[in-house]
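These protein sequences, in sequence, are chains A and B.
Using this note's numbering, read the first sequence as starting at 20 and increasing by one per residue.
Using this note's numbering, read the second sequence as starting at 855 and increasing by one per residue.
All C-beta atoms, glycine included, are put in the ideal place defined by N, C-alpha and C.
These notes concern the structure reproduced below.
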Amino acid sequence: MNKKIRILIAKPGLDGHDRGAKIVARSLRNAGMEVIYTGLHQTAEMIVETAIQEDVDVIGLSLLSGAHMTLFTDVTKLLKKKKIEDIIVLGGGIIPEQDIPKLKKEGISGVFGPGTRTEEIVEFINKNVKK
Amino acid sequence: MNEIAANVLKEDPRAIARLITFTENGDFEASNAMKDIHRFTGNAHVIGVTGVMGGGKSTLICEIAREFRKKGKKVGIIAIDPTSPFSGGALLGDRVRMMELAMDKGVFIRSMGTRGMLGGLASAVYDVVEILDASGKDIILIETVGVGQAEVDIIKIADTTLVVLVPGLGDSVQTIKAGLMEIADIFIINKADRPGVNQTVAEVESLVDIECSNEDRRTPVLKTIAKEVNGIKELVQEIETHKKYLKNCKKFDIKRKKRYEAELVEIIRKRLMNFIFDESKFKDKVELLIDQIYKKEIDPYSAADKILGKILK
Ligand SMILES: Nc1nc2c(ncn2[C@@H]2O[C@H](COP(=O)(O)OP(=O)(O)OP(=O)(O)O)[C@@H](O)[C@H]2O)c(=O)[nH]1
Ligand SMILES: [Mg+2]
């Protein structure tokens, strides 16, 4: 058996910046993971459909535009509706401190604000993905 | 029948995706399901897409898929990118150019890392073709990693191989000479909106003239602008003509048997390697032999005899 962690890095919403997402993608690759990158402007439906086909362990959502509450939770709601329980959802980007508890309650298990070291994200994933 | 196999036959995307993961990971559960589905395969036409890096392979595949969808065909796509030999990780980015297909239930896309395989393919790709075939896909498109020198293994698995070149680079001709001439069933000069396209077409045509002078079929050379959906209808037409040609001249059966040969070799290779290098009782023995080779107590050939002798008996 030779399991590799697979992770989808997706950018929901309208902002056109994916530099941060690409940096995280590279770090995860360098940590031995398979990173599926899908580009900008993804809807929740596209993200979930892609996550199913790619059979990922983790979905990493990245957002700079501040609409994270709805865009992130759209994804977790859709996963719940489809009874998909084995995918961990992470959020990154500019997220105000006070929103983090709400996001966690909605099923975003890890929230990483600006200035997060990529090693923290790698560690979090390694610890939380079932081997 | 194995439950996951049954669900693959019902075209359940989650079962398809999970079985692919099992085969990629060499999971024990995979082989039982794979045994069950083989009877239900053989219908899909497998199209390999290879060629220069950044030549527009992913964009082309998206448009080819859309054209087949218009004809009511179901499509599977396997997009292969290189696994880093240092970290074992991979950045799989081909989907960026295929997002228009993301919501189409008649399309299933899977990205794969090469995971140590040379030749431009991933080791599990044979399994993935079988799985997509069994799940009712009529067309399976495979994108190989961009071509350096020897990424020509696609020929072992594809019924029709498309080689994608671009104008301008004198490179295209060099690339062809490095082994792509023999594997191409159709040449595509993509990015035909770029200058120099007619010269590149002429160069490729003259190489085809030499290569095909004794053949019953001349490899067509097509111009496309994938980004503007230009030339795609003609390309799909050529793919269908090639399929008919294969069926008429019995080359189809030969190709399919070659594929199964390659698949069989791959299964045996993987099992042997696992047996020798992963199975614990063997692992110790192998480590001992490596130590002895190092100390010059034994030579590598005799060591190999010792390992294989045990298995082949
Ligand atoms: N000018 C022009 N650009 C194109 C055309 N087709 C694709 N492109 C662009 O070429 C770039 C590479 O396209 P891809 O489809 O990613 O090429 P690829 O061969 O899959 O690339 P790799 O998988 O990285 O080897 C993208 O920016 C495309 O938009 C075309 O017909 N004309
Ligand atoms: Mg590509």
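{"query": "Residue 912 of chain B CB to nearest heavy atom of ligand 1 below 7 Å", "result": "yes"}
{"query": "Heavy atom of ligand 1 within 7 Å of residue 1149 of chain B beta-carbon", "result": "no"}
{"query": "CB contact flag (residue 64 of chain A, residue 97 of chain A, <8 Å)", "result": "yes"}
{"query": "Helix, strand or coil at residue 90 of chain A [DSSP, three-state]", "result": "helix"}
{"query": "Touching by the beta-carbon criterion (3+ pairs, under 8 Å), the region 916-935 of chain B and the region 23-41 of chain A", "result": "no"}
{"query": "For residue 52 of chain A, the nearest candidate out of B:1006, B:1014, B:1122, B:937 (CA to CA)", "result": "B:937"}
{"query": "Within-8 Å CB hit, residue 49 of chain A to chain B", "result": "yes"}
{"query": "Minimum length 3: unbroken beta strand (DSSP E) runs contained in the region 38-101 of chain A", "result": "53-56, 77-82"}
{"query": "C-beta neighbour in chain B for residue 29 of chain A, strict 8 Å", "result": "no"}
{"query": "Length of the line joining the Cα atoms of residue 106 of chain A and residue 903 of chain B", "result": "32 Å"}
{"query": "Chain-order list of residues whose beta-carbon lies under 7 Å from that of residue 47 of chain A (same chain, five-residue window excluded)", "result": "26, 54, 141"}
{"query": "Chain-order list of residues whose beta-carbon lies under 7 Å from that of residue 1012 of chain B (same chain, five-residue window excluded)", "result": "900, 901, 902, 996"}
{"query": "Span of the beta strand (DSSP E) around residue 894 of chain B", "result": "Neither: residue 894 of chain B is in no beta strand (DSSP E) and is coded neither H nor E."}
{"query": "CA-to-CA distance, residue 1157 of chain B to residue 1150 of chain B, given in whole angstroms", "result": "11 Å"}
{"query": "Rounded C-alpha distance that separates residue 956 of chain B from residue 38 of chain A", "result": "23 Å"}
{"query": "Interface partners of residue 950 of chain B on chain A, CB under 7 Å", "result": "56, 57, 58"}
{"query": "Residues that residue 22 of chain A contacts on chain B, provided the C-beta gap is smaller than 7 Å", "result": "879"}
{"query": "Coil, strand or helix - residue 1254 of chain B by DSSP", "result": "A query on residue 1254 of chain B cannot be resolved here, the shown segment of chain B reaching from 855 to 1167 and no further."}
{"query": "Length of the line joining the Cα atoms of residue 862 of chain B and residue 72 of chain A", "result": "13 Å"}
{"query": "Cut-off 8 Å between Cβ atoms - residues of its own chain near residue 884 of chain B, not counting five sequence neighbours on either side", "result": "873, 876, 877, 981"}
{"query": "Residue 125 of chain A beta carbon near ligand 2 (any heavy atom closer than 7 Å)", "result": "no"}
{"query": "Backbone CA spacing between residue 870 of chain B and residue 1084 of chain B [nearest angstrom]", "result": "33 Å"}
{"query": "Option in B:1033, B:910, B:978, B:1108 with minimal Cα separation from residue 1081 of chain B", "result": "B:910"}
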